[in-house]
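Down below is the structure, laid out as structure tokens.
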Amino acid sequence: MAPLDELKIGGMGASRRRVEDNRFIRGKGRYVDDIVLPGMLHMEVLRSPVAHARIKSIDTSAAWEIPGVRLVLTGETMAARNLAWMPTLSYDTQAVLATDKVRFQGQEVAAVVADDPYIAKDACSKIVVEYEQLPPIVNPVQAQAPDAPLIRDDKENQPTNKIFDWEIGDKAATDRAFAEADVISKTELHYPRSHPSPLEPCGSIADYDRATGKLTVYMTTQAPHIIRAAVAMVAELPEHMIRIVSPDLGGGFGNKVPIYPGYVVSILASILTERPVKWIEDKSGNLISTGFGRDVYLQGEIAMRKDGKILGMRMHTISDHGAFYADAQPTKFKIGLMHSAFACYDIPAAHLTSEGWYTNKAPGGVAYRCSFRVTEAMFFQERMIHNAANDLGMDQAEFRRVNLVKDDMFPYRTAFGFLTDSGQYKKCLDIGLEAIGYQNFKAEQEEARKRGKLLGIGISTMTEPLGAGNSREYDIIGIKMFDSAELRVHMTGKAILRTGAKTQGQGHETTWAQIVAHELGIPADDIVVEEGDTDTAPFGMGTYASRSTPVAGAAVAMVSRKIRAKARKIAAHLLEVSEEDIEWELGRFYVRGNPERGVTIQDCALAAYSNVPDGMEPGLENNAYYDPPNLTWPFAAYICKVEVDPATGVWDVLKFVAVDDCGVRINPMVVEGQIMGGLTEAYAMANMQYITFDEEGNCIGANYMDYLLPTAWETPGFELHEVVTPCPHHPIGAKGIGECATVGGPAAFVNAVINAIEHTGVRNVDMPLMPNRVYEALKTGSDISGMPPVRVD
Amino acid sequence: MIPAAFEYTKATTVAEALAALQAGGEDAKVLGGGQSLLPVLRLRLNAPSVLVDCSGIDEISGIREEGGKVVIGAGATHHAVMNNALVKSSVPLLAQATATVADPQIRHRGTCGGSMVHADPRADLPPVALALDAEFQIAGSGGQRTVKAAEFFQGPFETSVGPDEILVSVSFPKYDGWSTHYEKFNRTAQAWSIVGVAAAVRMDGGKIAEARIGLTNVGGTPMRASAIEQALVGASSLADIEAAAARASDGLAPFADDDADEEFRLHLARVLTKRAVAAASGLK
Ligand SMILES: Cc1cc2nc3c(=O)[nH]c(=O)nc-3n(C[C@H](O)[C@H](O)[C@H](O)COP(=O)(O)OP(=O)(O)OC[C@H]3O[C@@H](n4cnc5c(N)ncnc54)[C@H](O)[C@@H]3O)c2cc1C
């Protein structure tokens, strides 16, 4: 019998076509808004037009009078049920519907439930809210002014607008390193606020059944089980009476992790009306009020010896969290995993201090493929490295080579305490340099300058921590960060797999089946994958922070191995030999020394339901919970070559090379898709995407005329390369990949543009590098900051 | 994104449309392809009581030659205009500028007339009409009148079409043999112009014999760069063009936004004029 060909059954390494695309490309996806329940009502939210104001009165009488209006809710309605405020995922509170003040433009003030969405919208416009305007605060500089108005006057023990001070690292050792340094390089910049803007905005359908006491909520969420726990806590409903269903998601990128007021209000509305209530946010509502990314200032310093060796590093970050501290991040770390910065470099001493501030802007900060602020960490790192190499007068690639952690140094403990475990950093960098033609670049750049053309090259190398837990260190509001999988193999050898993760474009339905195929030899096409329904899926922390493959994916491998262990016993029974005499090859057990005599996994499945050995439980199903021993540490070298048009400040990408090492690739095509998408987002942030606010706190960019999304027309091509260093602790050797390109990409673009214009003395232009900024920098030879500078203390 | 409630009538003739507008009263509005009006309604920036849909009026949607002019029905879609053989040969600048408008989906619905009447300062077609001395045929209860492009555009989102009138057509003199180029400066495929330059030149013996230049988004209305139209006559090299284009920003008082402050806008007007004329003329 010829052994099974793993690629043919869609196992590990097969670029299997995405099975979910069968329905998506036919318009057969089923999103929250596609779901229609009998008797369903529609809810619309009224948002604040101003950024900071005291609410003097709300008059809903005209709204009630419109035929078809069933319910009008205000902060008062919520407060009567103790629901005017809800806890955030960072131990703060957030207003559900405003009672006392509005604290950002777009904040939820009231809601109308009506027979159709048109009536609800019309009725919203009839609600009269009287505001007494207060001075708005739109950045941390204003927030820390001595006479700044207090944004969170609702809180006790909150005398200022500061949210936290936090630090990590060894200050004394770092100070010593700086004292010994030959050269110190400084970098200051701002990583602007951006928004993931998934195609599908957020929404929910709450369906409370008074007869059974059961609450079902269809919801756009990347983490249904966390939502179930939170609803149990907030709404004081028993957890077994709550069912959260996250159907197909039209993208998430972290935007669908937080708990939004609209969800909560729709739940109360359903309880009050005893009807299903649907709330679908519009795109402007999504842009103006939901989880954004970044908005962090950096003051960074690197201490070096003349020969290029980095002795120490200091970072101070100032983050703008908006009106509520609602970051979805591990409890221990106030500014996420910012301290993963410089993890790929061998640096003896490091110290990070961070401060967080309230402003009159929408809350959030960790969305947009960022893995808990790793996006900022890696951007800061690579901009600091770029400046440091220049300040030292050393070649960018050489400076990195000197300082990158070497292959024989693993496992390597970073100055901030992370343990990186594997990688071939230099190899990745060298492949990238070769592919971009780095050797000849300086000559090319010189020659082009003579012709009035400005070429630049930018490198970004980084390893980032993906796949939280382990559960010792990682929890969100006390919920430990492990994950799970449940596998049921049916009598005919087909199977259903469920996990606690929740795909939103990553392709779990395709790739999880490939892991099972790899472990059991069941063809991937024979396995259906289901996620997102808390009544059927095993408990899990959801999908974000590139954690699905590192955690849930590992659980899939582990549960498959449990199934295989039981199947082996059944095989021994069927083959009438003892278990020790059974050998395994993909999809088949056979008798040692007699490969002809064997049974397939499908034979074992049938026997599990029809012919089990005495004393064995029938059936072939199991589950596994996986608590990873460590994070996974993928590495990437991104190198970009640009040409800047000195007359307009426009820059074009001439070539972009991406070398990614994410360990073993389950489905190379899916991995490449993740990288391509991530690089496109990186390009968008570097080039065009940012959300700004005017002096009044008006959000500029809450529409797609001002907030640009890149299209195929302007997005450059990307050349992808692969290096594989298996993760030593992951059952199939995989590392996270979902966020690498978004995290590491921006610095490659920015470093390239800066390189093209730095002969004029420019050190920094804040993102996005819009033509007017680049042109101005070139003309004046000075730095361009996108935001007012923040104090240095 | 739900608009406020409105009445809807579909007209099949100009007369019907005019009657419906009259009946609809003060805030009745013409609906063309809806590509500018519907976003305005959805964002609730405007709430007309009646929409008179003119997208099905055959008599205003054709493209034809008449009296030595190319007459474009107000209801002709962008897609129809840019692919029309007569437009391509006799008013190539309009075809080129239209091809840069938005994306194919929008170009299949949006109309030439709708773009002109909407008169968004960022729109790409008005400066073409201005530079090429187009004329606008407008129908009202008192009959039809003709307005020159120079008088048609009155301010941002303001034209000489009255609330109870409809635009019937836009007619362009024929520019057979002219060389043209529309230079659009924008950030993404379907984004609006930050600045745009519409250039048409008639070449004679390797020199520019006549030039027409319209500018997009450097003021509240499209702008005609008359000063440099003169200065370009006789230009025979890129250096000549550059010298003339340096005056492209003369007399402009643009506004500032996140994409460009006043100074950068003026700078772009100069740079893009040079590029547009260079591309149109082929001069090196
Ligand atoms: C995403 C997007 C991108 C775009 N990008 C560009 C771009 O890059 N460049 C550009 O120039 N344009 C752009 N547009 C606008 C586009 O060109 C519109 O099609 C055009 O501006 C309006 O034409 P319409 O037929 O759709 O008019 P409508 O939206 O139906 O109407 C617009 C206005 O004109 C009036 N109107 C329409 N027809 C008549 C008539 N016959 N008589 C009297 N009044 C009339 C209406 O009452 C309304 O006030 C874009 C639009 C979108 C949605």
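The listed protein sequences correspond, in order, to chains D and E.
Per the numbering used here, residue 1349 is the first one in the first sequence, and the count goes up by one each step.
Per the numbering used here, residue 299 is the first one in the second sequence, and the count goes up by one each step.
Even for Gly, the Cβ is constructed at its ideal location relative to N, Cα and C.
Bear in mind the structure is a predicted one, so any value in this text is a computation, not a measurement.
Exposed unless 16 or more other CB atoms sit within 10 angstroms - verdict on residue i
i	result
residue 1424 of chain D	exposed
residue 1439 of chain D	exposed
residue 2139 of chain D	Residue confidence for residue 2139 of chain D is low, a pLDDT of 48 falling below 50, so the modelled location carries little weight; the figure read from the coordinates is stated next. Per the 10 Å Cβ criterion, exposed.
residue 1806 of chain D	buried
residue 422 of chain E	buried
residue 2061 of chain D	exposed
residue 2141 of chain D	A caution first: residue 2141 of chain D carries a pLDDT of 44, below 50, which makes its placement in the model unreliable, though a value can still be read off. By the neighbour-count rule (16 or more Cβ atoms within 10 Å), residue 2141 of chain D is not buried but exposed.
residue 469 of chain E	buried
residue 1373 of chain D	exposed
residue 1376 of chain D	exposed
residue 1446 of chain D	buried
residue 1817 of chain D	buried
Cβ separation of residue i and residue j, assumed to be a contact under 8 Å, to the nearest whole Å
i	j	result
residue 1540 of chain D	residue 2008 of chain D	Their Cβ separation, rounded to whole angstroms, is 26 Å, which puts residue 1540 of chain D and residue 2008 of chain D out of contact at 8 Å.
residue 476 of chain E	residue 498 of chain E	5 Å
residue 2080 of chain D	residue 1992 of chain D	With 8 Å as the limit, residue 2080 of chain D and residue 1992 of chain D do not qualify as a contact, their Cβ atoms being about 44 Å apart.
residue 1626 of chain D	residue 1550 of chain D	With 8 Å as the limit, residue 1626 of chain D and residue 1550 of chain D do not qualify as a contact, their Cβ atoms being about 12 Å apart.
residue 1710 of chain D	residue 1983 of chain D	Contact flag wrong, Cβ pair sits at about 34 Å.
residue 1406 of chain D	residue 1475 of chain D	7 Å
residue 1608 of chain D	residue 1638 of chain D	6 Å
residue 1863 of chain D	residue 1595 of chain D	Residue 1863 of chain D to residue 1595 of chain D, Cβ: 23 Å. No contact.
residue 1900 of chain D	residue 1831 of chain D	4 Å
Residue i: CB within 7 Å of a non-hydrogen atom of ligand 1
i	result
residue 490 of chain E	yes
residue 469 of chain E	no
residue 328 of chain E	yes
residue 336 of chain E	yes
residue 516 of chain E	no
residue 2096 of chain D	no
residue 404 of chain E	yes
residue 462 of chain E	no
residue 423 of chain E	yes
residue 1717 of chain D	no
residue 352 of chain E	yes
residue 302 of chain E	no
residue 430 of chain E	no
residue 1644 of chain D	no
residue 413 of chain E	yes
residue 407 of chain E	yes
residue 378 of chain E	no
Proximity below 8 Å, CB of residue i to CB of residue j
i	j	result
residue 2023 of chain D	residue 2096 of chain D	no
residue 536 of chain E	residue 582 of chain E	yes
residue 1545 of chain D	residue 1487 of chain D	no
residue 520 of chain E	residue 428 of chain E	yes
residue 1664 of chain D	residue 1647 of chain D	yes
residue 526 of chain E	residue 571 of chain E	yes
residue 1518 of chain D	residue 1652 of chain D	no
residue 1670 of chain D	residue 1721 of chain D	no
residue 1808 of chain D	residue 2015 of chain D	no
residue 412 of chain E	residue 347 of chain E	no
residue 1421 of chain D	residue 1459 of chain D	yes
Chain B contact residues for residue i, given Cβ-Cβ distances below 9 Å
i	result
residue 304 of chain E	Given the protein chain composition of this structure (D and E), no chain B is represented.
Closer than 9 Å, Cβ to Cβ, to anything on chain D: give me those residues from the stretch 485-503 of chain E, in chain order. For the stretch 485-503 of chain E, the beta-carbon criterion of a distance under 9 Å to any beta-carbon of chain D is satisfied by 485, 486, 487, 488, 489, 490 and 492.
What are the residues of the stretch 525-553 of chain E that lie near chain D, defined by any Cβ-Cβ distance shorter than 9 Å? Answer set for the stretch 525-553 of chain E: empty.
Short of 8 Å Cβ to Cβ, which residues in the stretch 2044-2063 of chain D face chain E? Here the close residues are 2048, 2051, 2053, 2054, 2056, 2057, 2058, 2059, 2060, 2061 and 2062.
Taking Cβ-Cβ distances below 8 Å as the criterion, which residues of the stretch 1785-1804 of chain D are in contact with chain E? The stretch 1785-1804 of chain D vs chain E, Cβ under 8 Å: nothing.
Interface residues of the stretch 359-392 of chain E facing chain D [CB-CB below 9 Å]: Result list empty, no residue passes.
Could you run through the stretch 1460-1479 of chain D and flag, in chain order, every residue whose CB is less than 9 Å away from some CB of chain E? Listed by position along the chain: 1465, 1466, 1468, 1469, 1470 and 1473.
Going along the stretch 451-471 of chain E in order, which residues come within less than 8 Å of chain D, judged by CB to CB distance? Result list empty, no residue passes.
Can you list, in chain order, the residues of the stretch 1988-2004 of chain D whose Cβ is nearer than 7 Å to any Cβ on chain E? Taking 7 Å as the Cβ-Cβ cut-off against chain E, the residues of the stretch 1988-2004 of chain D that qualify are 1995 and 1996.
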